[in-house]
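This report refers to the structure that appears directly beneath it.
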Amino acid sequence: MDANIQSHFVNLRSEDADSRYASYRHLMAVTDAPVDKALQAAVVDRLSQRFRECSTEKNGTLVRYDILEVFRKTYDVVKEDALKQLALSLIETEEDPKYRKKYAGLWKDLVAKKRAAKA
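Numbering-wise, this note's numbering puts 206 at position 97 of the sequence shown, and it's gapless, one number per residue.
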(Lines of atoms letter the chains of each structure in order from A and count residues from 1; the text may use other names and numbers.)
(Lines give C-alpha, C1' and ligand atoms only; values in the text may rest on other atoms or scores of the structure.)
Protein backbone atom coordinates (compact mmCIF):
# COMPACT_ATOMS: atom_id res chain seq x y z
CA MET A 1 0.00 0.00 0.00
CA ASP A 2 1.57 3.30 -1.00
CA ALA A 3 1.92 6.33 1.27
CA ASN A 4 -0.88 8.24 -0.48
CA ILE A 5 -3.41 5.50 0.16
CA GLN A 6 -2.18 5.09 3.75
CA SER A 7 -2.71 8.80 4.39
CA HIS A 8 -6.30 8.47 3.20
CA PHE A 9 -6.89 5.56 5.59
CA VAL A 10 -5.61 7.76 8.43
CA ASN A 11 -8.01 10.55 7.40
CA LEU A 12 -10.97 8.18 7.64
CA ARG A 13 -10.67 8.41 11.41
CA SER A 14 -10.41 12.19 11.39
CA GLU A 15 -12.92 14.32 13.26
CA ASP A 16 -13.14 16.63 10.24
CA ALA A 17 -16.07 15.50 8.08
CA ASP A 18 -14.71 17.17 4.94
CA SER A 19 -11.39 15.37 5.34
CA ARG A 20 -13.16 12.03 5.81
CA TYR A 21 -15.38 12.66 2.80
CA ALA A 22 -12.45 13.50 0.53
CA SER A 23 -10.56 10.45 1.75
CA TYR A 24 -13.49 8.13 1.04
CA ARG A 25 -13.79 9.52 -2.47
CA HIS A 26 -10.07 9.05 -3.15
CA LEU A 27 -9.97 5.55 -1.71
CA MET A 28 -13.07 4.46 -3.58
CA ALA A 29 -11.70 5.84 -6.83
CA VAL A 30 -8.63 3.60 -6.62
CA THR A 31 -10.35 0.53 -5.17
CA ASP A 32 -11.40 -2.19 -7.56
CA ALA A 33 -11.25 -5.18 -5.28
CA PRO A 34 -9.32 -5.85 -2.11
CA VAL A 35 -6.32 -8.14 -2.33
CA ASP A 36 -7.46 -10.74 0.18
CA LYS A 37 -10.70 -11.96 1.73
CA ALA A 38 -9.99 -10.51 5.18
CA LEU A 39 -9.39 -7.04 3.74
CA GLN A 40 -12.44 -7.39 1.51
CA ALA A 41 -14.60 -8.29 4.50
CA ALA A 42 -13.24 -5.34 6.49
CA VAL A 43 -13.82 -2.91 3.62
CA VAL A 44 -17.34 -4.18 2.95
CA ASP A 45 -18.21 -4.07 6.64
CA ARG A 46 -16.91 -0.52 7.11
CA LEU A 47 -18.53 0.77 3.91
CA SER A 48 -21.85 -0.84 4.86
CA GLN A 49 -21.67 0.91 8.20
CA ARG A 50 -20.75 4.17 6.48
CA PHE A 51 -23.70 3.78 4.09
CA ARG A 52 -26.06 3.62 7.06
CA GLU A 53 -24.41 6.55 8.87
CA CYS A 54 -24.14 9.11 6.10
CA SER A 55 -27.80 9.61 5.15
CA THR A 56 -28.11 12.92 7.00
CA GLU A 57 -24.75 14.37 5.95
CA LYS A 58 -24.27 17.15 3.45
CA ASN A 59 -23.09 14.83 0.65
CA GLY A 60 -24.77 11.70 1.93
CA THR A 61 -26.40 10.65 -1.32
CA LEU A 62 -23.13 11.01 -3.21
CA VAL A 63 -21.26 9.01 -0.57
CA ARG A 64 -23.92 6.30 -0.73
CA TYR A 65 -23.71 6.15 -4.52
CA ASP A 66 -19.92 5.88 -4.35
CA ILE A 67 -20.14 3.05 -1.82
CA LEU A 68 -22.57 1.11 -4.00
CA GLU A 69 -20.31 1.73 -6.99
CA VAL A 70 -17.36 0.22 -5.10
CA PHE A 71 -19.53 -2.77 -4.18
CA ARG A 72 -20.42 -3.20 -7.86
CA LYS A 73 -16.79 -2.97 -8.99
CA THR A 74 -15.81 -5.47 -6.33
CA TYR A 75 -18.68 -7.78 -7.28
CA ASP A 76 -17.59 -7.68 -10.93
CA VAL A 77 -14.20 -9.04 -9.85
CA VAL A 78 -15.13 -11.53 -7.11
CA LYS A 79 -18.68 -12.55 -8.21
CA GLU A 80 -19.90 -13.14 -4.65
CA ASP A 81 -23.68 -13.25 -4.44
CA ALA A 82 -23.59 -12.18 -0.78
CA LEU A 83 -22.05 -8.85 -1.81
CA LYS A 84 -24.76 -8.30 -4.41
CA GLN A 85 -27.48 -9.13 -1.88
CA LEU A 86 -25.93 -6.74 0.64
CA ALA A 87 -25.87 -3.93 -1.91
CA LEU A 88 -29.47 -4.55 -2.93
CA SER A 89 -30.59 -4.62 0.71
CA LEU A 90 -28.80 -1.32 1.36
CA ILE A 91 -30.53 0.18 -1.68
CA GLU A 92 -33.89 -0.87 -0.23
CA THR A 93 -33.17 1.14 2.91
CA GLU A 94 -33.18 4.39 0.91
CA GLU A 95 -36.44 6.20 1.63
CA ASP A 96 -36.36 8.60 -1.33
CA PRO A 97 -37.59 6.77 -4.47
CA LYS A 98 -35.50 9.06 -6.70
CA TYR A 99 -32.26 7.99 -5.05
CA ARG A 100 -33.34 4.37 -4.66
CA LYS A 101 -33.79 4.26 -8.44
CA LYS A 102 -30.43 5.96 -9.01
CA TYR A 103 -28.62 3.51 -6.72
CA ALA A 104 -30.39 0.53 -8.28
CA GLY A 105 -29.15 1.67 -11.69
CA LEU A 106 -25.70 0.40 -10.76
CA TRP A 107 -27.10 -3.13 -10.46
CA LYS A 108 -29.88 -3.04 -13.06
CA ASP A 109 -28.23 -5.46 -15.50
CA LEU A 110 -27.91 -8.13 -12.80
CA VAL A 111 -31.39 -7.59 -11.42
CA ALA A 112 -32.91 -7.69 -14.91
CA LYS A 113 -31.10 -10.97 -15.68
CA LYS A 114 -32.40 -12.49 -12.48
CA ARG A 115 -35.98 -11.46 -13.27
CA ALA A 116 -35.69 -12.75 -16.85
CA ALA A 117 -34.37 -16.08 -15.59
CA LYS A 118 -37.40 -16.48 -13.31
CA ALA A 119 -39.88 -15.84 -16.13
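Quick reminder that beta carbons are idealized off the backbone N, C-alpha and C, glycines included. This structure is a prediction, so every number in the text was calculated from the model and none was measured.
Alpha carbon to alpha carbon, how far is residue i from residue j?
{"i": "Leu-156", "j": "Leu-199", "result": "11 Å"}
{"i": "Tyr-212", "j": "Thr-202", "result": "11 Å"}
{"i": "Phe-160", "j": "Ala-196", "result": "10 Å"}
{"i": "Ala-151", "j": "Gln-158", "result": "11 Å"}
{"i": "Gln-206", "j": "Asp-190", "result": "For clarity, residue 206 is Pro in the given sequence; the question names Gln instead. In a straight line, the C-alpha of Pro-206 is about 24 Å away from that of Asp-190."}
{"i": "Val-187", "j": "Lys-217", "result": "18 Å"}
{"i": "Thr-165", "j": "Ala-147", "result": "30 Å"}
Who are the near neighbours of residue i in its chain, counting only those whose CB is closer than 7 Å to its CB and skipping five residues on each side?
{"i": "Asp-185", "result": "none"}
{"i": "Leu-219", "result": "Lys-193"}
Less than 8 Å between the beta carbons of residue i and residue j, yes or no?
{"i": "Leu-171", "j": "Phe-180", "result": "no"}
{"i": "Leu-215", "j": "Glu-162", "result": "no"}
Applying the criterion that 16 or more other CB atoms from any shown protein chain within 10 Å of the CB defines a buried residue, is residue i buried or exposed?
{"i": "Val-153", "result": "buried"}
{"i": "Asp-175", "result": "buried"}
If you drop the 5 nearest sequence neighbours on each side, which residues of the same chain put their C-beta closer than 6 Å to that of residue i?
{"i": "Gly-169", "result": "Cys-163"}
{"i": "Lys-167", "result": "none"}
{"i": "Arg-173", "result": "Phe-160"}
I'd like the list of long-range same chain contacts for residue i, defined as Cβ closer than 8 Å, with 5 residues on each side in sequence excluded.
{"i": "Arg-209", "result": "Ile-200, Glu-201 and Glu-203"}
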